[in-house]
DNA sequence: CTCTAATCGAGACGGTACGTCGCGTCTTACG
DNA sequence: CGTAAGACGCGACGTACCGTCTCGATTAGAG
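Chains as they are written, first to last, in the numbering used here: chain A, 1 to 195; chain B, 1001 to 1195; chain C, 2001 to 2195; chain D, 3001 to 3195.
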């Protein structure tokens, strides 16, 4: 049968099987666009990924683990891109980069931020950002560092989620401004005085 | 004639809270202080409430429904207390009231905001706040009303959650200031100009 | 205490409403024509009877109790009518009376014998018939009395059930003959000899 | 035949009895010896079988389905053994074989016939026997074929049940005679005439 | 005719079993 | 070997019905 031929063709991309991993991530992403995370079953993921059910558990201990994996890698990108915000070098430029990046991959981020994975995303983002905070202490702020991080991370994600949910979304440029004014500037504002 | 009287009184419209409902809410709250929502089973709730398992489903279709109920009523309190924020009459005073209230019931709010129920709380808060927004449109803002609401609601909750999680929490007075600076003032800031 | 007084009054407490009893029996019968006994719920019975749910349990401890009650009374009629069979006075006449009676109330008996109540009917019939056997021992038979009774009762009921299930049922006259040949004559046959 | 060729046979056609099925049947049988069918819960069956609760429903849709399965297979044996009765070749020999077989497995049959499974057994027996009737029509009888089958099947089962219930049961030989006289001969009797 | 007490309707409730669903483990055959 | 296929133990879910209970409303008999 053709299959025997196909066997020859079959290269060992599977070696260490990144194919499986990729397929699973892709499947999860695809499903996240349709329904909330907790309504997605492992069977659906593996079916969509064209992968055996048990194979899932060889790669990940858990459904959440896959999501965390997905989240960590994507958030990683995002974070390196926006680190300058924390360094206060050029906040406006950083938010612009952030928005441009998100806009470019809006399908992905819409799934991640509005699909029921948001909580995990937030956790992962927070984890990484707090990590970063450890390394670059900036003690002379009017608010505790971890509160600042928590605030800016969560509100950033919420604002992005709002953005991607809109039927007629504002421009990335505009959102960058909004982000900067809502999540960055309040933290940096030095004088707590009158507005 | 008696019929009309009797019927009005009798119908189970009022069917308020014949102990079961109260017991269930209390039990859920108690459990939320110990573990995350999704780890809590309906059986645990009913056992803790001293109520039959099936009875749960006579009141609520769902575990989430109970939580929503709980959230709605508590959030209702909170919202009426903080409505002046939206009316921009006296934002600082409002945040103070808010913080004082939360502090007074910090056991309750800690459970609600840090226990895994946060997502539902947020939804409920958002729902009510957006409702309120419908009734008091304030179109001359530099950002869309629903975005403003989303931002302030979610960041308020996150900040409160952070607060209640601290081993050595700042004073309500202080948190009120923080809240005002992070979640209220940025929205009200009229000039979008440079800082 | 008041109890002693109450007790005096209490005497004919239960005898209040034979209407309830009648209604329940009727409702059960009606439902038996539609579905099997175990699929009938007490709620259905009471609803059909136009009687409060709890009222059922004031009359009967059980769903089965109602059925037994129904069965016992109907079977009672049937049995008195067919006793002569056991006395062997005139078996053919007895079976004819039996069939005529069943035919006359065929709606009732169809429900009882083909509706899922058959098992209870059989038990009740057996109980009464074995009772009767106790009183009129006839030891000089080629088979044990209780086996004879069991055989004739159960096969009689089965044959009647078959009869009432037919789309185009044979005449009562004919069925009486069948009954006599299948359930009575084999028992009475004196000589066990060859045919 | 094709079957010899393939593992195709092995496929999932044979899906048959990977221990679970066997275990479940055995457990049900064991329980039937102790209590009536409707008092037996699926949990008991699975516990006794050493099988997961949900697994039960992967094999059978229902508690009754398991019983039907059990019944069908056992009745199948019985029926093939007694088919000659219907062919009227040698009725006495057939009943003897029947009784011997039942006696040999009297523990099994006692459970099946006196334990509350009798109704299902009867249904299954009837179904198979009526099937058989379809294939070997014998129209020149004084009674309708299905009535004859119904009568002999049900009374056979009742008589066997009586037998197995006795503290001091008669011999198989004797019961075969009884069976023959009560359930077979009346049907075959040619002349409907006087006795 | 009124007062009192029993009864009834309505239905909430505790409880038991059901049948379903999804997880994560494990086995088996295959390429 | 690793993978596809899928059976299995487990445990929570939500449903259905039972039999008990409480609560007003109704009604009948005693005064």
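Beta carbons: idealized from backbone N, C-alpha and C, even for Gly.
Check: Buried or exposed: where does residue 68 of chain A fall if 16 or more other Cβ atoms within 10 Å of its Cβ makes it buried?; Outcome: buried
Check: Three or more C-beta pairs closer than 8 Å, one from the region 30-48 of chain A and one from the region 109-123 of chain A: is that the case here?; Outcome: yes
Check: Among D:3056, D:3176 and D:3156, which one has its Cα closest to the Cα of residue 3025 of chain D?; Outcome: D:3056
Check: Please state the DSSP three-state secondary structure of residue 55 of chain A.; Outcome: helix
Check: Grouping DSSP H, G and I as helix and E and B as strand, with all else coil, what is residue 152 of chain A?; Outcome: helix
Check: May I have the straight-line CA-CA distance separating residue 3049 of chain D from residue 1157 of chain B, to the nearest angstrom?; Outcome: 53 Å
Check: I think residue 2162 of chain C touches residue 3150 of chain D, with their Cβ atoms under 8 Å apart; what is that distance to the nearest whole Å?; Outcome: 5 Å
Check: My assumption, with CB atoms under 8 Å, is that residue 121 of chain A sits in contact with residue 71 of chain A. Please give the rounded CB distance.; Outcome: 5 Å
Check: Which bits of chain A does residue 1182 of chain B rub up against, with CB to CB less than 7 Å?; Outcome: 151 and 186
Check: So, with DSSP's three-state summary, where would you put residue 3047 of chain D?; Outcome: helix
Check: Exposed or buried, residue 2176 of chain C, counting other C-beta atoms within 10 Å across all chains shown (16 or more means buried)?; Outcome: buried
Check: To be precise: take each residue of the region 3055-3073 of chain D, compare its Cβ to all Cβ atoms of chain C, and keep it if any distance is under 7 Å. Which residues remain?; Outcome: none
Check: Can you tell me whether residue 1170 of chain B is helix, strand or coil according to DSSP?; Outcome: coil
Check: So, for residue 3106 of chain D: in the same chain, excluding its five sequence neighbours on each side, which residues have a beta-carbon less than 7 Å away from its beta-carbon?; Outcome: 3164
Check: Kindly indicate the opening and closing residues of the alpha helix (DSSP H) around residue 3112 of chain D.; Outcome: 3106-3114
Check: Would you call the CB atoms of residue 116 of chain A and residue 38 of chain A closer than 9 Å?; Outcome: yes
Check: Taking buried to mean at least 16 other C-beta atoms within 10 Å of its own C-beta, is residue 94 of chain A buried or exposed?; Outcome: buried
Check: Return the residues of the region 109-136 of chain A that lie within a Cβ-Cβ distance of less than 8 Å from chain B, sorted by chain order.; Outcome: 119
Check: For chain C, find out if any of its Cβ atoms is closer than 9 Å to the Cβ of residue 3006 of chain D; answer yes or no.; Outcome: Unreliable placement is indicated for residue 3006 of chain D, whose pLDDT of 34 sits below 50; no coordinate value is reported for it.
Check: Using the C-alpha atoms, what's the distance from residue 59 of chain A back to residue 3083 of chain D?; Outcome: 59 Å
Check: Evaluate residue 155 of chain A with the Cβ neighbour count: other Cβ atoms within 10 Å of its Cβ, from every protein chain shown; 16 or more gives buried, anything less gives exposed.; Outcome: buried
Check: Quick one: measure Cβ to Cβ for residue 3184 of chain D and residue 3091 of chain D, integer angstroms, because I've assumed they're closer than 8 Å.; Outcome: 5 Å
Check: Mind reading off the beta-carbon distance from residue 3119 of chain D to residue 2119 of chain C? Whole number of angstroms is fine, and I expect it under 8 Å.; Outcome: 6 Å
Check: Any C-beta of chain C within less than 7 Å: which residues of the region 3151-3182 of chain D qualify?; Outcome: 3151, 3154, 3155, 3158, 3159, 3162, 3178, 3181 and 3182
Check: Near residue 1076 of chain B, which residues of its chain fall below 8 Å by C-beta distance, leaving aside the five closest residues on each side in sequence?; Outcome: 1128
Check: What's the gap between the Cα of residue 160 of chain A and the Cα of residue 1047 of chain B?; Outcome: 41 Å
Check: Among residues of its own chain, excluding the 5 on either side of residue 54 of chain A, which ones have a beta-carbon nearer than 8 Å to its beta-carbon?; Outcome: none
Check: Assuming residue 128 of chain A is part of the alpha helix (DSSP H), what are its boundary residues?; Outcome: 118-135
Check: Compare the C-alpha of residue 3189 of chain D against each of C:2187, C:2182 and C:2188 and name the closest.; Outcome: C:2182
Check: In three-state DSSP terms, what is residue 176 of chain A?; Outcome: helix
Check: Hey, out of B:1042, B:1074, B:1140 and B:1145, whose CA is closest to residue 1124 of chain B's CA?; Outcome: B:1074
Check: So, for residue 3023 of chain D: in the same chain, excluding its five sequence neighbours on each side, which residues have a beta-carbon less than 8 Å away from its beta-carbon?; Outcome: 3049, 3050 and 3051
Check: Considering only the alpha carbon of each residue, which of A:62, A:186 and A:174 lies closest to residue 99 of chain A?; Outcome: A:174
Check: When you compare the CB of residue 1093 of chain B with every CB in chain A, is at least one pair closer than 9 Å?; Outcome: no
Check: Report, in whole angstroms, the separation of the C-beta atoms of residue 2187 of chain C and residue 2143 of chain C, which I expect to be a contact under 8 Å.; Outcome: 7 Å
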